[in-house]
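Peer 1: Dropping a structure here in structure tokens format, bear with me for questions.
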Amino acid sequence: PNMFKKQQQDVFEERYLRFISILGKGNFGSVELCRYDPWGDNTGDLVAVKELQSNKQATVTDFQREIQTISSLHCDYIVKYKGICYSTGRLSTKLVMEYLPYGSLIGYMEKHRQNVCTRRLLLFASQICKGMEYLQSMRYVHRDLAARNILVASDTLVKIADFGLTKIIPVDKEYYRVTQPGESPVFWYAPESISELKFSHKSDIWSFGIVLHELFSYCDISRNPKRVIVYPEDRKLCPESDNWRLPAPSQCPPKVHSIMMQCWEFNSEDRPSFSSLQDLIENSLVTLNR
Ligand SMILES: COc1ccc(-c2cccc3nc(Nc4ccc(N5CCN(C)CC5)cc4)nn23)cc1
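With the sequence shown counted from 1, adding 2 to any position gets you the working numbering.
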């Protein structure tokens, strides 16, 4: 029966994939804006194409897992997978995704911060929360939730992107333990992720709290002194020891800062779930209007 049929992967032929510009580079490789134009008349779709630069086996395996992950996700608040392109020349696979014209949330905030009101920040927050709720329902832990990994589809729609570090929680466990510290800045990491390399839905909640702070700081990360939390050997800087947390960004409603503080509870069990976060955000939206 077809439920065992491998999901038909849309294959994009490299010869019709017309390079337009580089959208971004990471330590993995690059993401390019291309037009997939089989008719050769510029009527084809614009797509974002991610390809690996290094062919270190580890990254190839990670990239294949990323493709596996993103192709299994179907949610309005997660960037859409379109297919793959087998690049014959470089014997590498390219990941083809929908192109979001407004780019990264950070770039969008820099450009449009004057006319982004609190209501819109809360709309974006609730969309990210819905995307994370869906991800959790699929037993995925993102592990790299940050404003830099949020893309803007329109003035009223943002989507979660970049599933390079996403892991599936094993059925019998509540968390995923990585073998070595990652490269991501620990600023977004929950204390247990720093000290025990443990990642769970509750550590994603901590990162969501940081994203909420980024949103209400208009991603102006330069303005907020980034407290670099060093690794546990230097325990005095870990949040739990001196209980230090990020202060409310200017003009941030107290209710919203209290939501952030709940996400930053030291004990992961005390943090809200994405569904209760949804209610807290809706609730602040409502009280905003009064
Ligand atoms: C690490 O860099 C990237 C770059 C692009 C993507 C990505 C993945 C999946 C879909 C997708 N849509 C867009 N759109 C987009 C649009 C504009 C720009 N910028 C335009 C202005 N430039 C100065 C900077 C890039 C960047 C991305 N980017 N994008 C992910 C990571």
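Using N, Cα and C, we set each Cβ at its ideal position, and we do this for glycine too. Source: prediction; values computed, not measured.
1) Run through DSSP, which three-state label would aspartate 64 get?
2) Would you say alanine 50 touches ligand 1, meaning its beta carbon is less than 6 Å from a heavy atom?
3) What separation, rounded to the nearest whole angstrom, lies between the Cα atoms of glutamate 284 and lysine 52?
4) On a CA-only basis, which of Gln66, Gln129, Phe218, Ser219 is nearest serine 277? Give me that one, please.
5) Rounded to a whole number of angstroms, what is the C-alpha to C-alpha distance between methionine 99 and leucine 93?
6) Determine, using beta carbons only, whether leucine 147 and valine 213 come nearer to each other than 7 Å.
7) Measuring only from the beta carbon, is alanine 155 closer than 6 Å to any heavy atom that is part of ligand 1?
8) Give a yes or no on contact between the region 188-199 and the region 153-162, applying the rule of three or more CB pairs nearer than 8 Å.
9) Scan the region 55-131 and note each continuous alpha helix (DSSP H) run of 4 residues or more that stays entirely inside, going in chain order.
10) Comparing C-alpha positions only, which one of Asp206, Asn151, Ala149 sits nearest to lysine 169?
11) Kindly confirm or deny that the region 73-89 and the region 133-151 touch, where touching means at least three C-beta pairs closer than 8 Å.
12) With a 10 Å radius around its C-beta and 16 neighbouring C-beta atoms as the bar for buried, classify tryptophan 246 as buried or exposed.
13) Answer yes if the region 171-180 comes into contact with the region 101-114, meaning at least three C-beta pairs across the two stretches below 8 Å, and no otherwise.
14) Closer than 8 Å is the cut-off here; do at least three beta carbon pairs connect the region 248-268 with the region 108-115?
15) Between leucine 25 and ligand 1, is the CB less than 6 Å from at least one heavy atom?
16) Tell whether a beta-carbon distance below 7 Å holds between phenylalanine 21 and cysteine 87.
17) Among Ala127, Tyr18, Leu97, Val62, which residue has its Cα nearest to the Cα of tryptophan 41?
18) Can you give me the Cβ contacts of glutamine 280 inside the same chain, cut-off strictly under 6 Å, excluding the 5 residues immediately before and after it?
19) Whose C-beta lies closer than 7 Å to the C-beta of phenylalanine 201 among residues of the same chain, with five residues either side of it excluded?
20) Using a Cβ-Cβ cutoff of less than 6 Å, which residues in the same chain neighbour alanine 250 once the five nearest sequence positions on both sides are dropped?
21) Quick one: what does DSSP say valine 160 is sitting in, helix, strand or coil?
Peer 2: Answer, in terms of the structure:
1) For the purposes of this step, residue 64 is taken as residue 62 along the sequence shown, with counting starting at 1. Helix at aspartate 64.
2) In the sequence shown, counting from the first residue as 1, residue 50 sits at position 48. Yes, ligand 1 has a heavy atom inside 6 Å of this Cβ.
3) In the sequence shown, the residue the question calls residue 284 occupies position 282. In the sequence shown, the residue the question calls residue 52 occupies position 50. One C-alpha to the other measures close to 35 Å.
4) Start at 1 with the first residue of the sequence shown, and residue 277 comes out as number 275. Distance check between serine 277 and each of Gln66, Gln129, Phe218, Ser219 places Gln129 closest, using alpha-carbon atoms only.
5) On the sequence shown, residue 99 is found 97 positions in, with the first residue counted as 1. On the sequence shown, residue 93 is found 91 positions in, with the first residue counted as 1. The straight-line gap separating the alpha-carbon atoms of methionine 99 and leucine 93 is approximately 20 Å.
6) Numbered from its first residue, the sequence shown carries residue 147 at position 145. Numbered from its first residue, the sequence shown carries residue 213 at position 211. Contact: yes.
7) If you number the sequence shown from 1, residue 155 lands on position 153. Alanine 155: no, Cβ never under 6 Å from ligand 1.
8) Not touching, per the Cβ criterion.
9) DSSP runs (the alpha helix (DSSP H)) wholly in the region 55-131: 59-73, 107-114.
10) Position 167 of the sequence shown, counting from 1, holds the residue named residue 169. Measuring from the Cα of lysine 169, the nearest candidate turns out to be Asp206.
11) These segments touch.
12) Position 244 of the sequence shown, counted from the first residue, corresponds to residue 246. Exposed is the call here.
13) They do not touch, by the three-pair rule.
14) No, because fewer than three Cβ pairs between the region 248-268 and the region 108-115 fall closer than 8 Å, the two stretches do not touch.
15) What you label residue 25 is simply residue 23 of the sequence shown in a count that begins at 1. If you check the C-beta of leucine 25 against ligand 1, you find a heavy atom less than 6 Å away.
16) Numbered from 1 along the sequence shown, position 19 holds the residue referred to as residue 21. Numbered from 1 along the sequence shown, position 85 holds the residue referred to as residue 87. With contacts defined by Cβ atoms closer than 7 Å, phenylalanine 21 and cysteine 87 do not form a contacting pair.
17) Residue numbering aside, residue 41 sits at position 39 when the sequence shown is read from its first letter. For tryptophan 41, the nearest C-alpha among the options comes from Tyr18.
18) As a position in the sequence shown, residue 280 is number 278, starting the count at 1. Closer than 6 Å at the Cβ level, and outside the excluded window around glutamine 280, lie Cys131.
19) The count along the sequence shown starts at 1 and reaches residue 201 at position 199. Around phenylalanine 201: Val143, Arg145, Lys169, Tyr177, Tyr178, Val180, Ser195.
20) Counting from 1 along the sequence shown, the entry for residue 250 is found at position 248. Cβ neighbours of alanine 250 within its own chain (closer than 6 Å, five residues either side excluded): His259.
21) The residue you call residue 160 lines up with position 158 of the sequence shown. When DSSP states are grouped into helix, strand and coil, valine 160 belongs to the strand group.
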